[in-house]
Amino acid sequence: MSDFIDILYEIPPDIIHDTEADLRRAEQRKNLSSVKNIGSLDAYSPEIQDTILFRLALIEFCLERCGKISHGSLRAIRNEISKKFVDDAPSNQTIVKWFNRYVESGKKIDSLAPSFKKSGNRKSRYPEIIESYIEDSIKLIKDDEPGAVSFAYSHLCNLVFNYNKEITENKIKSPSLQAFWKRYKKLSPHEKEINKSGIFAAGKKFKHIGTIIETTRALERVEIDHTKLDLFLIDSETNETLGRPWITSLCDVHTRSVVGFYLGFTPPSYASVARAIKHSILPKDYVQKKYTNVKTPWICHGKPELIVSDNGKEFDSNDLKLALNELLINFGKNPVATPYLKPIIERYFGALNTQLLRRAPGHTLAANIGNLDYDPARHAVLDMDTFLNIFHIWICDIYQVKSDARKTRVPNMTWEKSLEEYEQRPVDYDPEVLDLVFCLTKEGKLTREGITFRYLTYSNDATAELVGKYGSHQVTYKVDPDYLGHVYVLNKSEGKFFRVNCKNFEYASRVTLHQHNHNLKVTGEAVDNYVSEYDISEAENRIFEIIDDAKKNKSSKSIASKSKKARLAEDSKLALQKSAIYEKDTKEYNLDELDVSSDVIDNSDWQVL
3 MSDFIDILYE IPPDIIHDTE ADLRRAEQRK NLSSVKNIGS LDAYSPEIQD
53 TILFRLALIE FCLERCGKIS HGSLRAIRNE ISKKFVDDAP SNQTIVKWFN
103 RYVESGKKID SLAPSFKKSG NRKSRYPEII ESYIEDSIKL IKDDEPGAVS
153 FAYSHLCNLV FNYNKEITEN KIKSPSLQAF WKRYKKLSPH EKEINKSGIF
203 AAGKKFKHIG TIIETTRALE RVEIDHTKLD LFLIDSETNE TLGRPWITSL
253 CDVHTRSVVG FYLGFTPPSY ASVARAIKHS ILPKDYVQKK YTNVKTPWIC
303 HGKPELIVSD NGKEFDSNDL KLALNELLIN FGKNPVATPY LKPIIERYFG
353 ALNTQLLRRA PGHTLAANIG NLDYDPARHA VLDMDTFLNI FHIWICDIYQ
403 VKSDARKTRV PNMTWEKSLE EYEQRPVDYD PEVLDLVFCL TKEGKLTREG
453 ITFRYLTYSN DATAELVGKY GSHQVTYKVD PDYLGHVYVL NKSEGKFFRV
503 NCKNFEYASR VTLHQHNHNL KVTGEAVDNY VSEYDISEAE NRIFEIIDDA
553 KKNKSSKSIA SKSKKARLAE DSKLALQKSA IYEKDTKEYN LDELDVSSDV
603 IDNSDWQVL
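Residues are numbered in our numbering as their position in the sequence shown, beginning at 1, plus a constant of 2.
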């Protein structure tokens with residue numbers, strides 16, 4: 003090190019040397035070279051650092067005076083030690099012990115640190131029975147509030163009292179409240195979390211979290227998840243509070259972009275997952291046409307290579323697996339209760355809550371910060387259409403164009419750069435094609451009456467022709483959960499699906515599967531009994547009458563009940579939108595001929611969580 007300093011700061015020969023300063027610098031270099039791991043001092047408190055440096059200075063003083071440290075050599079310079087260090091001078095035996103430990107460690111300075119772990123009484127002074135009572139009582143403390151400790155201490159005293167009642171001699175005594183509090187304060191944060199939330203939650207909280215899985219391109223890995231928004235919405239006509247909607251979102255890991263979502267009152271289910279995935283795949287040309295306040299196009303869409311979810315049961319659907327296989331999209335699930343394995347979408351949900359939702363009246367946070375006059379349900383002012391408008395503005399004009407905290411990534415910019423470097427998987431889907439892919443796959447018997455699904459009958463000339471050719475037989479058919487106006491029946495001989503309209507098209511074209519199941523429930527008939535389509539239609543009309551009455555007279559029913567009505571109204575709107583698209587005709591679909599896939603991806607070296 004000294005050679006390096008001399009080379010770096012070479013002194014010209016014509017400069018007069020300060021001999022005293024040179025000697026001082028030489029001594030400093032000597033000390034630096036003799037002390038190893040000096041950086042480890044930073045690991046100790048200032049008080050312990052002072053203790054270490056004092057012991058080091060004492061050892062160096064003794065070595066300087068007598069050249070070695072032993073009991074005999076120290077006795078010869080004892081007066082000098084006492085004079086130099088006055089009252090702080092330790093015994094000769096202690097100095098020898100410090101020196102030996104210092105040398106044995108290879109002159110590591112941290113060897114001179116006090117050994118606190120070996121000091122004090124390391125064995126409990128309480129009887130074993132008291133120790134067990136203390137441990138049981140401490141487990142009752144869920145937080146650091148004095149009341150919690152007092153309650154646990156009372157429990158301890160009660161245990162001791164009951165124990166003493168059963169014996170006549172050698173009675174035990176409870177420790178003081180102060181001693182009990184000190185014992186609790188010695189618990190580690192992990193042990194306190196076990197008492198508060200259980201060992202599983204504590205392990206999850208203090209678990210080491212590694213780095214995010216590395217990706218190289220857009221849509222290589224996409225995370226999907228749901229959350230219930232911390233915001234109440236109202237009915238646009240009656241201003242009645244409907245409740246808090248659900249949002250299902252898909253976020254691209256590489257670009258941090260939001261590629262698709264579904265927002266509504268349908269809780270996590272196959273239907274909400276399918277709607278969100280379809281939205282992520284299709285281009286979003288509708289945004290600036292429908293929401294004129296949005297200035298930046300939503301450029302993110304396409305077919306993911308891998309979708310990763312949590313362990314929710316809605317992701318176990320066989321229909322979801324079939325649909326993703328049809329699209330050549332790989333699917334992986336994280337272990338239970340591991341949200342940290344989907345960090346991108348969790349951060350997105352956090353940004354949505356802090357950056358957008360907290361601005362709006364009806365946000366639930368204010369109800370939790372002591373504002374007793376604030377009722378989020380009563381103060382809500384946004385309806386679904388208005389919220390969707392501002393949500394699209396936030397996604398397109400803020401989230402997608404804003405850099406992260408480290409100024410390393412802008413979602414839109416990273417997306418565009420990725421598309422320049424890597425060719426995107428071809429996506430050219432008709433919306434109805436995706437509807438067909440995400441339909442529920444069913445098996446049923448085709449007769450001359452047609453095919454029946456949930457008491458709705460579907461038939462046309464094509465089904466009659468199949469019955470005439472093969473007789474009554476089992477067929478595969480697909481049902482769109484968002485629209486019951488028609489089903490798709492498979493013609494096995496040709497390998498094609500063809501569309502078959504419902505006989506009661508006027509009713510079926512206005513309902514989703516959830517709505518229809520609700521109508522069946524309203525009829526009050528058992529599932530295994532025949533239910534006429536007239537009864538179902540009449541039940542559906544009664545539902546809309548109830549909804550109309552609710553609009554005229556503001557209901558006092560619970561928010562949960564209103565949310566269910568909002569879902570029914572939402573389903574009606576969705577079904578009617580699809581009804582306007584489809585025509586009353588038969589159309590054949592051959593999934594093998596549709597452009598719903600691309601080249602098979604080699605995923606042999608992928609690790610799916």
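Just so you know, even glycine gets a beta-carbon here, dropped at the ideal spot from N, CA and C.
None of these values were measured; they are calculated from a predicted model.
query	result
Cβ contact (3+ pairs, closer than 8 Å) linking the stretch 319–329 and the stretch 376–393	no
Whether Val255 touches Ile215 by CB criterion (9 Å)	yes
Check whether Lys280 and Pro299 have beta carbons under 9 Å apart	no
Member of Thr459, Tyr479, Tyr460, Asp463 whose CA lies at the smallest distance from the CA of Thr443	Tyr479
Met415 to Asn336 span [Cα, whole Å]	29 Å
Buried or exposed by the 16-neighbour rule on C-beta atoms within 10 Å, applied to Asp312	buried
Stretch pair the stretch 385–392 + the stretch 421–435: three plus CB contacts closer than 8 Å	no
Start and end residues, alpha helix (DSSP H) containing Leu436	433–439
Local conformation of His256 per DSSP, three classes	coil
Exposure label - Asn521; buried when at least 16 CB within 10 Å	buried
Limits of the unbroken beta strand (DSSP E) element including Asp227	224–230
Assigned secondary structure, Glu445 (DSSP; H/G/I helix, E/B strand, else coil)	strand
First through last residue of the beta strand (DSSP E) which encompasses Val502	498–503
Supposed close pair Phe101, Ile61 - CB separation, criterion 8 Å	5 Å
Close-in-space but distant-in-sequence residues of the same chain around Ser1 (CB under 6 Å, 5 per side omitted)	An answer regarding residue 1 cannot be provided, because it is not within the stretch 3 to 611 covered by the chain.
Cα-Cα separation between Leu221 and Asp318, rounded to whole angstroms	22 Å
Per-residue DSSP class, three states only, for Thr459	strand
Asp112 versus Glu171: straight-line alpha-carbon distance, rounded	51 Å
Exposed unless 16 or more other CB atoms sit within 10 angstroms - verdict on Asn506	buried
Within 9 Å, strictly: CB atoms of Glu251 and Phe333	Just to set this straight, residue 251 is Ser in the shown sequence, not Glu. No; because the gap between Cβ atoms is not below 9 Å, this pair is not in contact.
Cβ pair Val310, Leu343 closer than 9 Å	yes
Simplified DSSP assignment, three categories, for Leu308	strand
Through-space distance from Leu58 to Arg67, alpha-carbon basis	14 Å
CB contact flag (Phe455, Val477, <9 Å)	no
Between the CA atoms of Glu547 and Lys305 - distance to the nearest angstrom	42 Å
Contact under 9 Å by Cβ, Ile136 with Arg185	yes
Proximal residues to Lys580 (C-beta, below 6 Å), its chain only, five neighbours per side dropped	Tyr485
Nearest to Thr449 (by Cα), restricted to the options Asp437, Gly262, Lys471	Lys471
Alpha carbon of Ser107 to alpha carbon of Arg80, nearest angstrom	26 Å
Length of the line joining the Cα atoms of Gly149 and Thr218	54 Å
Within the stretch 137–181, ranges of the alpha helix (DSSP H) (whole runs, at least 4 residues)	148–167
Contact between the stretch 357–365 and the stretch 266–279 (3+ Cβ pairs under 8 Å)	no
Delimiting residues of the beta strand (DSSP E) encompassing Tyr479	475–482
Closest residue to Lys194 among Glu242, His228, Leu142, Phe234 (Cα-Cα distance)	Leu142
Residue range of the unbroken alpha helix (DSSP H) whose run includes Leu60	48–68
Inter-residue spacing [alpha-carbon to alpha-carbon] between Gln517 and Asp573	7 Å
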